[in-house]
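>
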Ligand code: PRX
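Numbering (my numbering), first residue to last: 685 to 1344.
1) Here's the rule: buried if 16 or more other CB atoms are within 10 angstroms of the residue's CB, otherwise exposed. What is residue 982?
2) Under a three-way DSSP split, which group does residue 943 fall into?
3) Closest by CA to residue 749, which one among 1277, 1259, 1159 and 720?
4) Please report the residue range of the alpha helix (DSSP H) in which residue 1087 lies.
5) Could you give the DSSP three-state label for residue 1060: helix, strand or coil?
6) How should residue 961 be labelled, buried or exposed, when 16 other C-beta atoms within 10 angstroms of its C-beta is the threshold for buried?
7) With a Cβ-Cβ cutoff of 8 Å, do residue 1010 and residue 986 count as a contact?
8) Mind checking whether residue 919 and residue 892 have CB atoms under 8 Å apart?
9) Does residue 969 come out as helix, strand or coil in the three-state DSSP assignment?
10) In the DSSP assignment, find the unbroken alpha helix (DSSP H) run with residue 836 in it and report its ends.
11) Rounded to the nearest angstrom, what separates residue 1294 and residue 1300 at their Cα positions?
12) Indicate whether the contact test is met: 3 or more Cβ pairs, each with one atom in the stretch 800-808 and one in the stretch 766-781, closer than 8 Å.
13) Would you say residue 1070 touches the ligand PRX, meaning its beta carbon is less than 7 Å from a heavy atom?
14) Where in the stretch 984-1021 do unbroken runs of the beta strand (DSSP E), each at least 3 residues long, occur, reported from the N-terminal end onward?
15) Identify the continuous beta strand (DSSP E) that holds residue 1224 and give its terminal residues.
16) Where does residue 1185 land, buried or exposed, given buried means 16+ other C-beta within 10 angstroms?
17) Measuring only the C-alpha atoms, how far is residue 1243 from residue 1213?
18) To the nearest angstrom, report how far apart residue 1326 and residue 1289 are at their CA atoms.
19) Who pairs with residue 1096 in a beta bridge, going by DSSP?
20) For residue 1005, is the beta carbon positioned less than 7 Å from some heavy atom of the ligand PRX?
21) For a test of the three-state rule: what should DSSP assign to residue 1293, helix, strand or coil?
22) Are three or more beta carbon pairs between the stretch 806-819 and the stretch 1061-1076 nearer than 8 Å?
23) Checking 8 Å against the spacing of the C-beta atoms, do residue 759 and residue 737 come in under that value?
24) Buried or exposed: where does residue 1302 fall if 16 or more other Cβ atoms within 10 Å of its Cβ makes it buried?
25) Ignoring anything shorter than 4 residues or poking outside the stretch 1150-1201, list the alpha helix (DSSP H) runs there in chain order.
26) Excluding five sequence neighbours on each side, which residues of the same chain lie with their C-beta closer than 7 Å to the C-beta of residue 777?
27) Exposed or buried, residue 1117, counting other C-beta atoms within 10 Å across all chains shown (16 or more means buried)?
28) Could you tell me which residues DSSP puts in a beta bridge with residue 791?
29) Could you tell me whether the stretch 1160-1169 touches the stretch 1205-1219, where touching means 3 or more Cβ pairs closer than 8 Å?
30) When burial is assigned at 16 or more other CB atoms within 10 Å of the CB, is residue 1211 buried or exposed?
31) Thinking residue 898 and residue 947 are a contact (beta carbons under 8 Å), I'd like their distance in whole angstroms, please.
32) Report the three-state DSSP secondary structure of residue 690 (helix, strand or coil).
33) Is it the case that the CB of residue 1183 approaches a heavy atom of the ligand PRX more closely than 7 Å?
34) Taking only the alpha-carbon atoms, compute the straight-line gap between residue 938 and residue 1127 and give it to the nearest angstrom.
35) State buried or exposed for residue 1021, treating a residue as buried only when at least 16 other CB atoms are found within 10 Å of its CB.
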């Protein structure tokens, strides 16, 4: 993102005050900030009372930097808290999910009582397959109810789920399975995308060729048709789950029992297995879901339009909303599966009141035009949220005007896989919001913006976003790699959690996020490391060297631009260059997944390097964004840059599948 663009975004004087009507009924009242600030740890302890504990914790925080424990002498069961206790409280007939299929004309309504039975059956089936407390189970599934059921069944047993986004490749899946030694996989034969079946099971079969420890694979039949099958290892869901008892006696686990692992890109080629534990995480997602989305469980219909393969799905499709016993919409498809007005139809038909999505999707919907939302009644919506990347004020205003009838509050929520739940956000009814700003730390959260030396910056200044106190939902580490955890997050500024984001405090002291400051790209709200894509490229026989940058993109926020030098074999030399570029783009999609497909690949005779041999990524980013190149005196061969700039004239094409 260029400085000039950022400045244009930052109209600090434009703000939208909450309506008095909304403020009156809001779950969070202004005193919440002082209450939490008076004693944040004690405040979080009261939030933990949202959960039903088998053993009530007497401890709150134990902090031995970088390792935090929250509520450690308490015990509980996550799945009981999400489902069973609501049924016991007489809410069994309440709808948990209105599930809506892609463009294949299907839907399913699942009540809390039905969910309880489905989870019990799945837990019994997993037990039969051998899953026990502490075992890791990989989940590679489309957005179908069985995915949620699977996650709840796994944590019910005290096992650990590692959900891998179903858009990732076989290779990405196998490396994640191996890293945390998952011995079980739950998947589906395929998924639907814009009405067409696309297979998933072949990717699992390919991945498992290099995962000899996987003992069992449970497969949901979603699309039908033939699939490869390994007898003894593979089991159909309908054959093994459906015949199980609908009752399952749960066990309780300590608050610090590991609940799930979620892989996310870091600055190296190897994704990090971020793991979360039970009591603190559930407390955090329940409290944030309640106050930030202002949920009224008896009347609200929440729709978090994300995939369960990302942390947003974990925290605000599965655990937060279920702990709070709300009714949700869960949607399998893409924004235009079944037409460009599909989303608005879903909102109208289901009377959705709270919509939470990513800026990249908002920009796509905006591009399609206002006529689509205008043709539907969206008056049920009373709150909108965004997550995943900075939102440009233009998109924010469009969202509020066209989707929120010019009056709904918008919560721009900043958080990460590592933080477990939202940390910086307006509170509806309290905060006067500014388009493009995430505004204020959530109650009980201590965030700061610091300069290079770790000193707080003043109003009107920018720096690095840090968290200065632990919070309940924070990751407990990188699975199997405590040193990397310490080094990545806790050593840049001693004593502080380093988020990797740039941020600015405006004249009023409000926080604006400015994007990643490391080699992590944010493509459609999805994190990918430049090194990961470079590794994929140099894995292709024709590639000698590759340098990848995230260049700003009007729809996807950032897009991948790769600069590649070739070691041409006779065969490659005979190909025309555009065919080779296409081959390389597809190669990256195959190695990592379609989300990693570069928007543009520039074949260049050389890469610009400093005298010490480091690739000058800043410069390449400038070239990719067509900016003034600034100081190039440390380059070994400054003319390389001009050659690259000329090569950039080759047109780029954007993959609209990225908006998933
Ligand atoms: O750069 C920030 C950006 O997304 C990163 C976290 O990505 P991930 O772990 O995949 O989680 C995404 C969903 C929580 C952050 O380091 N980010 C997230 N939310 C915002 C944001 N950037 C600006 N504004 C946001 N609201």
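Yeah, the Cβ is synthetic: ideal placement off N, Cα and C, and Gly gets one too.
Checking against the coordinates, here is how it stands:
1) Its Cβ having fewer than 16 others within 10 Å, residue 982 is exposed.
2) It is a strand residue.
3) The candidate whose alpha carbon is nearest that of residue 749 is 1159.
4) Run containing residue 1087: none; DSSP gives neither H nor E here.
5) Coil at residue 1060, not helix or strand.
6) Result: buried.
7) The answer is yes: Cβ separation under 8 Å.
8) The answer is no: Cβ separation not under 8 Å.
9) Three-state DSSP puts residue 969 in a helix.
10) Annotation for residue 836: the continuous alpha helix (DSSP H) segment containing it runs 829-840.
11) Residue 1294 and residue 1300 have their C-alpha atoms some 7 Å from each other.
12) With a cut-off of 8 Å, the stretch 766-781 and the stretch 800-808 count as touching, because enough Cβ pairs lie within range.
13) Residue 1070 Cβ: within cutoff of the ligand PRX.
14) DSSP runs (the beta strand (DSSP E)) wholly in the stretch 984-1021: 985-988 and 1011-1015.
15) Looking at the DSSP string, residue 1224 is not in any beta strand (DSSP E), and its letter there is neither H nor E.
16) With 16 or more Cβ atoms within 10 Å of its Cβ, residue 1185 is classed as buried.
17) Pairing residue 1243 with residue 1213, the inter-Cα distance amounts to about 12 Å.
18) Rounded to the nearest angstrom, the two C-alpha atoms are 12 Å apart.
19) Per DSSP, the beta bridge partners of residue 1096 are 1070.
20) Not one heavy atom of the ligand PRX sits closer than 7 Å to the Cβ of residue 1005.
21) Reduced to three states, the DSSP call for residue 1293 is strand.
22) Under the 8 Å Cβ criterion, the stretch 806-819 does not count as touching the stretch 1061-1076, having fewer than three qualifying pairs.
23) For residue 759 and residue 737, yes; Cβs fall inside 8 Å.
24) Exposed is the label assigned to residue 1302, since fewer than 16 other Cβ atoms lie within 10 Å of its Cβ.
25) Complete alpha helix (DSSP H) runs here, min 4: 1166-1169.
26) Sequence-distant partners of residue 777 (beyond 5 residues in either direction) whose C-beta falls short of 7 Å from its own C-beta, in its chain, are 795 and 797.
27) Residue 1117 should be labelled buried.
28) Answer by DSSP bridge pairing, in chain order: 784.
29) With a cut-off of 8 Å, the stretch 1205-1219 and the stretch 1160-1169 do not count as touching, because too few Cβ pairs lie within range.
30) Residue 1211 should be labelled buried.
31) The distance from the Cβ of residue 898 to that of residue 947 is about 17 Å, inconsistent with a contact at the 8 Å cut-off.
32) With a pLDDT of 48 at residue 690, under the threshold of 50, the predicted position of this residue should be treated as unreliable, though the coordinate-derived value follows. Residue state for residue 690 is assigned as helix, using DSSP reduced to three classes.
33) Under cutoff, so the answer is yes.
34) Straight-line Cα distance between these residues: approximately 26 Å.
35) Classification of residue 1021: buried, given that the 10 Å Cβ count is 16 or more.
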